[in-house]
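Chemist: The structure follows.
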Amino acid sequence: MTNKACAFFSGGKDSTYALHKAYDNGLEISCIISIRPMRKDSYMFHYPMVELTKLQTESMGFSDFHYIVDVSGEKEKEINEILNELLKIKENDGIEFNTLILGGIASKYQYNRFKKIAEKLNSSIFDPQWGEDTEKYLYELVDYGIVFILSQITTYGLSEEYLGIASDKSFVSKIMNLSKRYGFHPAFEGGEAETFVVKAPLFKKDICIEGSKVKTNEFEYSLNVKKAELCNKFKIKIL
């Protein structure tokens, strides 16, 4: 069996980068899994904009083996649900893989649970940015050519003005300064914000988005997407 990999893909910066690095390292991408938790407070998975991963995988030419998997979002239970879905994909669709691609940076909670899944599937884990210095990593994303926006903010210290802003070195610098001032994780590893990638090296087309900002709670804001489509040059329009 060749080195085939199944990627967990939320559409955010970390899973997108991990997928790219796996591709760069010669792994054959045989399936892409986007998890859709039924609860917004899932311990493991991003909730915002998971439907738009269809556009991203289409842009990369991976839509034929992209699966959106529904899970309860309940602690521990969702791990078994994911394992069962992966077993079904292997058995029913004949998809082969011996590696799971993750985009974790520092969350041992997530890593240890994915490790359990990998062990039961006799698979290894490929997590290229695990343990990397956060500031170095964020600038690395910019240099690599990944452009993301914040699709949700859930922490004190990040104002709504950062929703929908395309990432660049200036953006990273501002986030680093705010994280030092207010104490949140600059890569949002604690769920302080969620991201969505609109441009990446494997994307044949960028993604254009129109939406509005919605305040959902104190210090919490989200981007309500009205329209999203593939385009030649990404553009974020806040209505």
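Here the sequence shown is numbered in our numbering, starting from 30 and rising by one per residue. Quick reminder that beta carbons are idealized off the backbone N, C-alpha and C, glycines included.
1) Might you give, ordered along the chain, the residues of its own chain that have their beta carbon closer than 7 Å to the beta carbon of residue 186, omitting 5 neighbours on each side?
2) In three-state terms, what does DSSP make of residue 112?
3) Please list, in chain order, all residues of the same chain as residue 63 whose beta carbon is under 6 Å from its beta carbon, the five residues on each side excluded.
4) Is residue 85 helix, strand or coil when you go by DSSP?
5) I want to see whether chain C comes within less than 9 Å of residue 104, judged by CB atoms only; does it?
6) Measure the beta-carbon distance from residue 231 to residue 49 and round it to whole angstroms, keeping in mind my assumption that it falls under 8 Å.
7) Are the Cβ atoms of residue 254 and residue 175 separated by less than 9 Å?
8) Quick check on the burial criterion: 16 or more other C-beta atoms within 10 angstroms. Buried or exposed for residue 243?
9) Residues bridged to residue 65 by DSSP?
10) List, from N- to C-terminal side, the alpha helix (DSSP H) runs of 4 residues or more that fit wholly inside the segment 136-202.
11) Could you tell me whether the Cβ atoms of residue 156 and residue 115 are closer together than 9 Å?
12) Less than 9 Å between the beta carbons of residue 146 and residue 108, yes or no?
13) Quick check on residue 252: does DSSP put it in helix, strand or coil?
14) In terms of residues, what are the limits of the beta strand (DSSP E) holding residue 216?
15) Alpha helix (DSSP H) containing residue 44: first to last residue?
Modeler: So, from the listed chains and residues:
1) 207, 210, 211, 213
2) helix
3) 38, 79, 82, 97
4) helix
5) Here there is only one protein chain, and chain C is not present.
6) 6 Å
7) no
8) exposed
9) 99
10) 137-149, 163-173
11) no
12) yes
13) strand
14) Here residue 216 belongs to no beta strand (DSSP E), and DSSP marks it neither H nor E.
15) 42-53
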